[in-house]
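Take 1 as the starting number for the sequence shown in this note's numbering and just add one per residue.
Every residue gets a Cβ at the ideal spot worked out from N, C-alpha and C, and that includes glycine.
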Amino acid sequence: MGNDIHPTAVIEGDVQLGDRNVIGPYCHLRGPLVMGDDNLLSSHVCIGLPGQDTRDPRYDDSTKRVAIGSRNTIREFTSVQKGCYEDVTSIGDDVFLMQSVHVPHDAHLEDHVVLTPMVALAGLVRVLRGANLALGSGVVQDLVIGHYSIVAAGAVARRHVRPFTRSIPGKPDSVNDYAVEKFGFAEHAADIAAYVLEDLTPADGPVRDVIEQYEGAVQDRDRSRRRRG
């Protein structure tokens, strides 16, 4: 099965598309780029330009790439940029990027992430499964936004955000109850509350698994930052 590509779209370089993708008016796709199936790019979406890096604004991006999974919705005026310090910028499956979102160099977005209008990420950010960044929020470089968390509208995350957390500047962390219900963790609500409110990690079970994945991602980002000086 083919793809629906608007005649005004520009596709250049090594761009590999799966099936049933919709590429809307005036989109610009630049390879190396791999995209799965059933993605919707509405209009004026730009994927695969070099990252915006002050150390080397015109670096050679020819070996850098973007990898995008399946069933993603990418709305108008959103940009997804190539890697700079790492090989790839990646987006998983079932991700919703709303209007005017900025996905920078070396960012990694896992499955079921939602970035609402005008969210801006800095380079080397990881947004883990099911996380949500609310309207006009931002994230500084090298941070991890944990699974099933939410960053408040207009806020700027300046530290890692733990899983299941509702992060509001100037207020203590609270539980993101909406995500707990949505992603099937309701029966583990007590473990989640103990972790978010009291920093207590359960001895075993799915909540502990999520916490360990998050802590591994944080350690990876911290090591990467130290290597770059």
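Are residue 166 and residue 144 closer than 7 Å when you measure CB to CB? Start at 1 with the first residue of the sequence shown, and residue 166 comes out as number 166. Start at 1 with the first residue of the sequence shown, and residue 144 comes out as number 144. The answer is no: Cβ separation not under 7 Å.
Distance between residue 226 and residue 77 (C-alpha atoms, nearest Å): Indexing the sequence shown from 1 puts residue 77 at position 77. Indexing the sequence shown from 1 puts residue 226 at position 226. Between residue 77 and residue 226, the C-alpha separation is close to 33 Å.
With DSSP as the reference, please indicate the residues paired to residue 166 in a beta bridge. Along the sequence shown, read from residue 1 onward, the residue named residue 166 stands at position 166. Answer is 150 and 174.
Leaving out the 5 sequence neighbours to the left and right, which residues in its chain are closer than 6 Å to residue 37 when beta-carbon positions are compared? By 1-based counting over the sequence shown, the position of residue 37 is 37. So the qualifying residues of the chain are 18, 19, 20 and 70.
Residue 15, enclosing alpha helix (DSSP H) - first and last residue: As a working mapping, residue 15 is identified with position 15 in the sequence shown. Here residue 15 belongs to no alpha helix (DSSP H); instead the beta strand (DSSP E) covers 15-17.
How is residue 157 classed by DSSP in three states: helix, strand or coil? Within the sequence shown, numbered from 1, the residue matching residue 157 stands at position 157. Reduced to three states, the DSSP call for residue 157 is strand.
Using only the alpha-carbon positions, how far apart do residue 8 and residue 22 sit? Residue mapping note: residue 8 aligns to position 8 of the sequence shown, counting from 1. Residue mapping note: residue 22 aligns to position 22 of the sequence shown, counting from 1. One C-alpha to the other measures close to 13 Å.
Would you mind working out which of 67, 95 and 29 sits nearest residue 86, comparing C-alpha positions? By one-based count along the sequence shown, residue 86 stands at place 86. If we check each option's Cα against that of residue 86, 67 comes out closest.
Can you give me the start and stop residues for the alpha helix (DSSP H) that residue 286 sits inside? Look at the range of the chain in this structure, 1 to 229, and you will see that residue 286 is not part of it.
For residue 200, does the count of other Cβ atoms within 10 angstroms reach 16, so buried, or fall short, so exposed? For the purposes of this step, residue 200 is taken as residue 200 along the sequence shown, with counting starting at 1. Classification of residue 200: exposed, given that the 10 Å Cβ count is below 16.
With DSSP collapsed to three states, give me the class of residue 197. Along the sequence shown, read from residue 1 onward, the residue named residue 197 stands at position 197. Correct three-state label for residue 197: helix.
Can the beta-carbon of residue 89 be found less than 7 Å from the beta-carbon of residue 40? Working through the sequence shown from its first residue, we reach residue 89 at position 89. Working through the sequence shown from its first residue, we reach residue 40 at position 40. Not in contact: residue 89 and residue 40 (Cβ atoms no closer than 7 Å).
Taking the alpha-carbon positions, what's the residue 97 to residue 32 distance? Here residue 97 corresponds to residue number 97 of the sequence shown, with the count starting at 1. Here residue 32 corresponds to residue number 32 of the sequence shown, with the count starting at 1. Distance between the alpha carbons of residue 97 and residue 32: 21 Å.
Report the three-state DSSP secondary structure of residue 12 (helix, strand or coil). By one-based count along the sequence shown, residue 12 stands at place 12. Strand, per DSSP.
Span of the beta strand (DSSP E) around residue 28: Within the sequence shown, residue 28 is the residue found at index 28, counting from 1. Residues 28-30.
Check the C-beta distance from residue 114 over to residue 164 and give it rounded, since I have them as a contact under 8 Å. Looking up residue 114 in the sequence shown gives position 114. Looking up residue 164 in the sequence shown gives position 164. Going by Cβ atoms, the distance from residue 114 to residue 164 rounds to 15 Å, so no, they are not a contact pair.
In whole angstroms, what is the alpha-carbon distance linking residue 122 and residue 91? Here the question's residue 122 lines up with position 122 in the sequence shown. Here the question's residue 91 lines up with position 91 in the sequence shown. For residue 122 and residue 91, the distance between alpha carbons rounds to 15 Å.
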